[in-house]
Structures are given as structure tokens and as C-alpha cells.
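Novice: Here's a structure for you.
Below, the structure written as C-alpha cells:
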């Protein structure tokens with residue numbers, strides 16, 4: 006009897022892992038996108054704030070009010086992107102556009118590529134900051 010109960014534990018763990026994997030695989034693209042949004046916000050905002058704070062510190066106090074509020078803190082940035090994502094979702098619903106698996110994959114690639122950027126990428130002209138993976142995600146989103 007003892008041998009039988011020992012064999013049940015690995016089987017039980019395997020079943021749990023299998024069910025978890027099936028749940029993730031069966032998620033709709035919309036649900037997957039919603040799961041990715043917090044990761045996108047955290048990656049985008051933490052990297053942006055980290056890489057611009059030294060440059061912003063050099064701006065004379067009289068001109069700091071020209072910095073967009075979402076660029077001043079990670080919390081403001083996350084709030085800003087959260088609002089933009091909600092607006093995009095509302096627009097998709099109104100236009101009856103569905104999120105595709107291809108869009109989700111492009112969004113995942115964009116998050117990954119943005120997370121790998123160095124702060125040197127943020128310096129210089131806007132043209133130097135092109136991220137092909139994010140440009141592809143933007144094209145697929147219809148913006």
C-alpha cells in the first residue's frame with residue numbers, strides 16, 4: 006500500500022502541470038494579451054524611467070514642467086500606459102476587431118526586445134531608438 010501512495014504523488018503533480026499547461030494553451034489571444042499588459046507596463050516604464058532620470062536631472066528647474074507627467078515616475082508611467090491599453094481595448098471592441106495570436110506574439114517580442122535595451126539606446130535622436138519588434142507589433146495593432 007505504501008508503494009502505491011508514493012506513486013500517486015508524481016502522477017498527481019504531473020496531472021496538475023498538465024492541466025496548467027492546457028489552460029495556458031487554451032487561453033484566447035485576448036486573455037493572453039491581458040496577461041501581458043502588466044509585464045509590458047513594468048518593462049517599458051522601469052526601463053524608460055531608469056534611462057531618462059539622469060538626463061531629466063540636467064534640465065533646469067524652470068523647464069521641468071515641460072516633461073510629460075508620465076515620464077516623472079514609474080507609477081505615473083504605468084498609470085498612463087494602463088489608460089492607453091484600456092482605450093485601445095475599447096476601440097477594438099467598438100470596431101469589433103479581435104486580438105490575433107500573431108499580435109500577441111509580436112507584443113511578446115516587443116516586450117522582450119525593449120527589456121534588453123541599454124540606456125545608451127535612449128540617448129541621441131528618436132530615429133536611433135527604432136525597435137523592429139515593436140514596430141511590427143504596432144503595425145499589427147493597426148495604429
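Residue numbers (this note's numbering): 6 to 148. Every residue, glycine too, gets a C-beta built ideally from N, C-alpha and C.
Report whether the distance from the Cβ of residue 72 to the nearest heavy atom of the ligand ADP is below 6 Å.
Specialist: Among the ligands in the structure shown, none appear at all, so the ligand ADP cannot be discussed.
Novice: Residue 123 by DSSP, collapsed to three states: which one?
Specialist: Of the three classes helix, strand and coil, the one that applies to residue 123 here is coil, per DSSP.
Novice: Roughly how many angstroms lie between the CA atoms of residue 125 and residue 78, to the nearest whole one?
Specialist: Computed Cα separation, rounded: 20 Å.
Novice: Excluding sequence positions up to five away, which residues of its chain have a Cβ less than 6 Å from the Cβ of residue 115?
Specialist: The answer, listed in chain order, is 138, 139, 142.
Novice: Can you grab the Cα-Cα spacing for the pair residue 9 / residue 117, in whole Å?
Specialist: At residue 9, the pLDDT of 42 sits below 50, so the modelled position is not reliable and the matter cannot be decided from this model.
Novice: Short of 6 Å in beta carbon distance, which residues of its chain neighbour residue 96, apart from the five on each side in sequence? Order them along the chain.
Specialist: Hits under 6 Å: none found.
Novice: Under 7 Å between the Cβ atoms of residue 104 and residue 43?
Specialist: Not closer than 7 Å, so no.
Novice: In three-state DSSP terms, what is residue 66?
Specialist: Helix, per DSSP.
Novice: Keeping to the same chain, check which residues put their C-beta closer than 6 Å to that of residue 144; ignore five residues upstream and five downstream.
Specialist: Around residue 144: no qualifying Cβ.
Novice: Using beta-carbon positions only, say whether residue 86 and residue 41 come within less than 7 Å of one another.
Specialist: Not a contact, by the Cβ cut-off of 7 Å.
Novice: For residue 53, which three-state DSSP category applies?
Specialist: In this structure, residue 53 counts as helix in the three-state DSSP scheme.
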